[in-house]
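Asker:
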Amino acid sequence: MLYGAIEAGGTKFVCAVGNEKGELLEKAIIDTTTPEKTLEQIKTFYLGKDIVACGVGSFGPIDVNKESPTYGYIMNTPKIKWQKFNLLGELKKLLGVPLAFDSDVNVAAVGEKLLGAGRDVNSCLYMTIGTGIGAGLYVEGSTLSGLSHPEMGHILLKRHPEDSDFTGFCPFHGADCFEGLAAGPAIEKRWDKKGNELGVDHEAWRLEAYYIAQALMNYILIVSPEKIVLGGGVMKQKQLFPLIFDELIEKLNGYLDFPQLTRENISRYIVSPELGDEAGVKGALMTAVKML
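Just so we're aligned, residue 678 is where the sequence shown starts under the numbering used here, counting upward by one.
1) Determine the direct distance from the alpha carbon of L771 to that of S908, and round the result to whole angstroms.
2) Among G732, E903, M752, which has the Cα closest to the Cα of V798?
3) My assumption, with CB atoms under 8 Å, is that L893 sits in contact with L925. Please give the rounded CB distance.
4) Could you say which of A956, A859, I899, A965 lies nearest to I921 if we only look at CA atoms?
5) Could you check which residue in K967, M912, A965, V906 has the C-alpha nearest to that of V948?
6) Do G830 and K756 have their C-beta atoms within less than 7 Å of each other?
7) Give me, in chain order, the residues of the same chain whose beta-carbon lies closer than 6 Å to that of S800; leave out the 5 immediate sequence neighbours on both sides.
8) What did DSSP end up calling F690 once you bin it into helix, strand or coil?
9) Using 8 Å for Cβ pairs, my map puts E700 next to P950. What's the rounded Cβ distance?
10) Who are E703's beta bridge partners in DSSP?
11) In angstroms, rounded to a whole number, what distance separates the CA positions of T754 and G737?
12) So, at 6 Å on beta carbons, what are the nonlocal neighbours of I889 in its own chain, with the 5 sequence-adjacent residues on each side left out?
13) Per DSSP, what kind of secondary structure is Y946 in: helix, strand or coil?
14) Residues in the same chain with beta-carbon distance under 6 Å from F843, minus the five sequence neighbours each way, listed in chain order, please.
15) Under the three-state reduction of DSSP, which class applies to G725: helix, strand or coil?
16) Is it right to say F690 is buried, meaning 16 or more other beta carbons lie within 10 angstroms of its own, or is it exposed?
17) Determine the burial state of L933: buried for a count of at least 16 other Cβ atoms within 10 Å of its Cβ, exposed for fewer.
18) Considering Cα atoms alone, identify which of E839, K928, D954 is closest to V911.
19) Would DSSP call N753 helix, strand or coil?
20) Who are the near neighbours of Q891 in its chain, counting only those whose CB is closer than 6 Å to its CB and skipping five residues on each side?
21) Give me whichever residues DSSP pairs with M804 in a beta bridge.
22) To test your reading of the DSSP string, which unbroken beta strand (DSSP E) runs of 3 or more residues are found completely within the region 830-875?
23) Any contact of the region 777-787 with the region 724-738, i.e. 3+ C-beta pairs under 8 Å?
24) How many Å lie between K913 and L898 at the Cα?
25) Alpha carbon to alpha carbon, how far is E874 from A881? Give it in angstroms, no decimals.
26) Counting along the chain, where does the beta strand (DSSP E) carrying Y680 start and finish?
27) Ignore the nearest five residues each way along the sequence and tell me which others in A730's own chain have a CB closer than 8 Å to its CB.
28) Taking the C-alpha atoms as reference points, what is the distance between N742 and L821?
29) In angstroms, rounded to a whole number, what distance separates the CA positions of L702 and T721?
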């Protein structure tokens, strides 16, 4: 049987067809423009593909509560044309197959748990740090959701003493949340250069590690994931990992006495995505497989 997968991002939609093993057999990248134009291209891609189900991981915030009248909608996104758009409903009409619907980072957590770095554990937290920041958790066979899906990119963080004048990037919280302090656009706003234009020894990375480690400390203390996967464009700066490890160990200050959080083992606990940039689309594929 063939399954569909859609990773719906604020910049691009990745559409794919694959099998129950998580193998992608065909893939297309579609620019995120207006809902009408984007959906028309999705329809064209899936025409004649004969899929039996499709998994969707969407940028958000989205409504994942199946009892809500706006279940499947994209909610208060900064992308104005997509606000209050019934993405799930429109895709159901378009594709005519059962659909699984979740946040983009939740499905990426599914991908890494089932096919990637989290195969050997029961719970896997996936975080992406790029244009925005988000994180999803897959634990004991399902992703975490309740009132909504997790919005771990918007937690409050303590400012670094040397960063007190930065006004931040988040349109909702300024510099008072993780995304506003540490997402890719925040780096560019602070230093007037994109992250990939800064040297590996630039002070930006020490500051970035300070904020990422704070967030990871919160996640570890609250949800205790057995594996943490750090993806997204910013985390392609590999010099960040040892800086994060040092900051995190210092901040935990020995409170959690687990071997995974020692200097000898932490690089096997907090890792890069094994699936690379395909964590989201492969995770979406596996949500479709799991629903049948």
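Ideal Cβ positions, reconstructed from N, Cα and C, are used throughout, including at glycine.
Answerer: With the structure as the only source:
1) Taking the first residue of the sequence shown as 1, we reach residue 908 at position 231. Taking the first residue of the sequence shown as 1, we reach residue 771 at position 94. Note that residue 908 is Gly in the sequence shown here, rather than Ser. One C-alpha to the other measures close to 31 Å.
2) Here the question's residue 798 lines up with position 121 in the sequence shown. Closest option to V798, Cα to Cα, is E903.
3) Start at 1 with the first residue of the sequence shown, and residue 893 comes out as number 216. Start at 1 with the first residue of the sequence shown, and residue 925 comes out as number 248. 6 Å between Cβ atoms; contact.
4) Translated into positions along the sequence shown, residue 921 becomes position 244. Of the candidates A956, A859, I899, A965, the residue whose Cα lies closest to the Cα of I921 is A859.
5) Here residue 948 refers to the residue found at position 271 when the sequence shown is read from its first residue. Taking V948 as reference, the option from K967, M912, A965, V906 with the minimal CA-CA separation is V906.
6) Taking the first residue of the sequence shown as 1, we reach residue 830 at position 153. Taking the first residue of the sequence shown as 1, we reach residue 756 at position 79. For G830 and K756, no; Cβs fall outside 7 Å.
7) For the purposes of this step, residue 800 is taken as residue 123 along the sequence shown, with counting starting at 1. Contacts found: V816, P902, E903.
8) Indexing the sequence shown from 1 puts residue 690 at position 13. Residue state, collapsed to three classes: strand.
9) Residue 700 sits at position 23 when you count from the first residue of the sequence shown. Residue 950 sits at position 273 when you count from the first residue of the sequence shown. Distance from E700 to P950 at the Cβ level is roughly 17 Å; contact not present, criterion being Cβ atoms closer than 8 Å.
10) Walking along the sequence shown from the start, residue 703 turns up at place 26. Looking at the DSSP output, E703 sits in a beta bridge with V694.
11) As a working note, residue 754 is residue 77 in the sequence shown. As a working note, residue 737 is residue 60 in the sequence shown. If you draw a straight line from the Cα of T754 to the Cα of G737, it comes to about 6 Å.
12) Residue numbering aside, residue 889 sits at position 212 when the sequence shown is read from its first letter. Excluding sequence neighbours, I889 sits near I921.
13) On the sequence shown, residue 946 is found 269 positions in, with the first residue counted as 1. Correct three-state label for Y946: helix.
14) In the sequence shown, the residue the question calls residue 843 occupies position 166. For F843, where only same-chain residues beyond five positions count, the Cβ hits under 6 Å are A852, R867.
15) Working through the sequence shown from its first residue, we reach residue 725 at position 48. In the three-state DSSP reduction, G725 falls in the coil class, being neither helix nor strand.
16) Reading the sequence shown from its first residue, position 13 is the one you call residue 690. Looking at its Cβ environment, which holds 16 or more other Cβ atoms inside 10 Å, F690 is buried.
17) The sequence position of residue 933 within the sequence shown is 256, counting from 1. Result: exposed.
18) Sequence index remark: in the sequence shown, residue 911 carries index 234 (1-based). It is D954.
19) In the sequence shown, counting from the first residue as 1, residue 753 sits at position 76. Looking at N753 - three-state DSSP - the assignment turns out to be coil, as it is neither helix nor strand.
20) Within the sequence shown, residue 891 is the residue found at index 214, counting from 1. If we look at Q891 and ignore the five residues flanking it on each side, its Cβ neighbours are L834.
21) On the sequence shown, position 127 is the one that residue 804 refers to. Bridge partners of M804 according to DSSP: A812, L907.
22) The qualifying runs do not exist here; there are none.
23) Result yes; three or more Cβ-Cβ pairs closer than 8 Å.
24) Counting from 1 along the sequence shown, the entry for residue 913 is found at position 236. Counting from 1 along the sequence shown, the entry for residue 898 is found at position 221. Rounded to whole angstroms, the separation of the alpha carbons of L898 and K913 is 26 Å.
25) To locate residue 881, count along the sequence shown from 1; it is residue 204. To locate residue 874, count along the sequence shown from 1; it is residue 197. Those two C-alpha atoms are separated by around 11 Å.
26) Position 3 of the sequence shown, counting from 1, holds the residue named residue 680. Membership of Y680 in the beta strand (DSSP E) is indicated by the continuous run 680-685.
27) If you number the sequence shown from 1, residue 730 lands on position 53. Cβ neighbours of A730 beyond the five flanking positions: Y680, G681, V774, P775, L776, A777, A965, V966, M968, L969.
28) In the sequence shown, counting from the first residue as 1, residue 742 sits at position 65. In the sequence shown, counting from the first residue as 1, residue 821 sits at position 144. Roughly 12 Å between the two C-alpha positions.
29) Locating residue 702 in the sequence shown gives position 25, counting from the first residue. Locating residue 721 in the sequence shown gives position 44, counting from the first residue. Each residue's Cα considered, the two are about 17 Å apart.
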